[in-house]
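Residue numbers (the working numbering): 415 to 530.
Okay, structure first, notes after.
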Amino acid sequence: MGWFGRRKKQVQLAKEAELVPDALREHLSAFVGTRRGVEAWVEQPTSFNKPSILLVAADGESTRRGLPSADYGYQFAADHQIPCYDAGVVPYPKRMREYGLRAKREARGPQAPSAN
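Listed below in structure tokens is the structure:
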């Protein structure tokens, strides 16, 4: 990438940052600020989905939101100094699935012991 290409990319990222709704920016920042050990997975766009970011906390709690571009997701992670992975390369953490199962069990309430 030449000198002019770098400037063009910075301008594009700045424009995309302006397109991000304040509510989205606040939600993602609040998630990072109120949870411990947050990591980010950037999901590339497909023919029917726009790019998105998945934030996963140390306990497995997660949130996913659509973004104007994948580059914005990488920039968000860099700005908040959290690790960032490409979702097509690095698999989602097991703790995220375990958190979902745990939440379902807690929502069902206590189970009666089975008589065997």
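Glycine included, every Cβ here is placed at the ideal spot set by N, Cα and C.
**OP:** Pull up the DSSP beta-bridge partners for Arg479, would you.
**Re:** Ile467
**OP:** Please report the Cβ distance between Val452 and Pro465, rounded to the nearest whole angstrom; I am assuming they are in contact, meaning their Cβ atoms lie under 8 Å.
**Re:** Val452 to Pro465, Cβ: 19 Å. No contact.
**OP:** Provide the residue span of the alpha helix (DSSP H) that contains Tyr513, from first to last.
**Re:** Lys508 to Arg522
Original post:
Considering Ala484, what are the terminal residues of the alpha helix (DSSP H) in which it resides?
Top reply: Ala484 to Asp493
Original post:
Which residue from Ala484, Cys498 and Pro505 puts its Cα closest to that of Thr460?
Top reply: Ala484
Original post:
Where does Asp473 fall in DSSP's three states?
Top reply: coil
Original post:
Based on Cα-Cα distance, which residue from Val446, Phe490, Ala501 and Phe462 lies nearest to Ala471?
Top reply: Val446
Original post:
If you draw a straight line from the alpha carbon of Val434 to that of Tyr488, how long is it in whole angstroms?
Top reply: 14 Å
Original post:
Are Arg450 and Ile467 closer than 8 Å when you measure CB to CB?
Top reply: no
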